[in-house]
Amino acid sequence: MTSSYGLDGRAAIVTGATRGIGHAVARQLAAAGALVCVTARDPDEVRRTAAELGGVGVAGSVADPGHLRAVVDLALREFGRIDVLVNNAATNLPYGPLMDVDPCAWHEAFAVNVEAPLRLVQCAWRAWMGEHGGAVVNVCTEGAAHVGPDIGAYGTSKAALAHLTQQLAGELGPKVRVNSVSPGLVRTEMARFVWEPGEEAVAAGLPLGRIGEPEDVARAVVWLASDAAEWVTGADLLVDGGTRVRAADPGARGTARPAPYDPQPPTGVVTPPPYP
Ligand SMILES: NC(=O)c1ccc[n+]([C@@H]2O[C@H](COP(=O)([O-])OP(=O)(O)OC[C@H]3O[C@@H](n4cnc5c(N)ncnc54)[C@H](OP(=O)(O)O)[C@@H]3O)[C@@H](O)[C@H]2O)c1
3 MTSSYGLDGR AAIVTGATRG IGHAVARQLA AAGALVCVTA RDPDEVRRTA AELGGVGVAG
63 SVADPGHLRA VVDLALREFG RIDVLVNNAA TNLPYGPLMD VDPCAWHEAF AVNVEAPLRL
123 VQCAWRAWMG EHGGAVVNVC TEGAAHVGPD IGAYGTSKAA LAHLTQQLAG ELGPKVRVNS
183 VSPGLVRTEM ARFVWEPGEE AVAAGLPLGR IGEPEDVARA VVWLASDAAE WVTGADLLVD
243 GGTRVRAADP GARGTARPAP YDPQPPTGVV TPPPYP
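Under my numbering, the residues of the sequence shown are numbered 3 to 278, in order.
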């Protein structure tokens with residue numbers, strides 16, 4: 003990372019930053035010179051991550067509006083500014099056909115995946131960005147462009163987040179840029195049950211020949227958050243190893259096409275993965 007990214011001394015909030023993609027984003031932002039404020043629900047992990055990155059952190063669920071206000075208050079108190087906001091925390095629950103989904107669980111998915119990003123942008127806008135400017139990056143998913151078995155709540159909420167990204171981009175310019183990244187299958191806990199049983203087959207079916215690493219997505223997030231993307235807003239950057247275009251890969255290295263690349267359990271699986 004070089005100083006051309008313009009992140010030296012800037013302050014960034016990253017939700018869900020104790021592992022996986024959020025952790026890689028926070029690490030790369032810190033390496034680019036940014037001051038980072040991290041969040042997640044597990045307080046020990048938040049403390050550990052904040053210490054590791056020389057930043058600050060606050061534990062809580064993004065579904066709690068009071069937690070989101072506390073995050074913005076902390077960043078402003080410690081850093082005096084909030085230049086970058088990365089809405090990364092998400093849930094892939096509830097699983098199952100939508101006719102069986104408990105509306106309360108559906109509401110929770112939207113509270114975490116859609117409402118929280120909006121609330122956090124509102125807090126950051128009112129506290130700092132509305133006057134001084136900034137950049138927001140929302141983590142969506144390549145899978146939001148498709149339907150699939152048992153992931154109706156996740157897919158619908160992420161599609162809403164993609165729409166929210168564009169709406170906010172139009173409303174908040176020229177002060178604040180709002181973009182999203184849409185990862186394909188990435189080696190994280192959330193998606194372990196997808197990649198662990200058949201990584202080789204999945205990788206062979208991708209034009210770029212491997213599944214994603216958190217750092218692949220983080221580089222895209224950091225670029226969108228940086229001055230290098232100063233004329234980019236309302237964009238969705240696919241970081242998917244060619245998932246979206248794999249139908250045109252003639253041989254797919256001689257293997258069968260893999261299942262859709264998204265954090266979803268195989269059809270019929272009733273026990274959710276470790277991700278709560
Ligand atoms: N991995 C993939 O293949 C993939 C593909 C497409 C999109 N994505 C998206 O990428 C983002 C990151 O996913 P990941 O795969 O990196 O997941 P992960 O490895 O499970 O990490 C999730 C992070 O978010 C935190 N978190 C979860 N729920 C939270 C909540 N309600 N409030 C605050 N923090 C919360 C977790 O810590 P705690 O558990 O302590 O809260 C953890 O730090 C998500 O938006 C996901 O939808 C992932």
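Note that beta-carbon positions come from the ideal geometry of N, C-alpha and C, so glycine has one too.
- If you check the C-beta of Glu47 against ligand 1, you find a heavy atom less than 7 Å away.
- With a cutoff of 7 Å, Asn181 does not count as near ligand 1, since its C-beta is closer than that to no heavy atom of the ligand.
- In this structure, the straight-line span from the alpha carbon of His134 to that of Lys177 is close to 7 Å.
- Using a 10 angstroms sphere on the CB of Trp233, the tally of other CB atoms stays under 16, which defines it as exposed.
- Counting other Cβ atoms within 10 Å of its Cβ, Cys106 stays below 16 and is therefore classed as exposed.
- Annotation note: the stretch 11 to 70 contains the following uninterrupted beta strand (DSSP E) runs of length 3 or greater, listed N- to C-terminal: 13 to 16, 37 to 42, 58 to 61.
- The continuous beta strand (DSSP E) containing Ser184 extends over residues 178 to 185.
- Residue environment: Glu144 is assigned as buried (16 or more neighbouring CB atoms within 10 Å of its CB, all protein chains considered).
- Around the C-beta of Ala155, 16 or more other C-beta atoms lie within 10 Å, and the residue is accordingly described as buried.
- Proximity to Tyr7 across Gly236, Ala222, Arg21, Leu240 peaks at Ala222, based on C-alpha coordinates.
- Using a Cβ distance threshold of 8 Å, Val88 and Ile153 do not count as a contacting pair.
- DSSP places Asn94 outside both helix and strand once states are collapsed to three, so it counts as coil.
- Pairing Thr17 with Ala33, the inter-Cα distance amounts to about 17 Å.
- For ligand 1, a non-hydrogen atom lies closer than 7 Å to the CB of Pro185.
- With a threshold of 7 Å, the Cβ atom of Ser159 does not count as near ligand 1, since no heavy atom of the ligand is closer than that.
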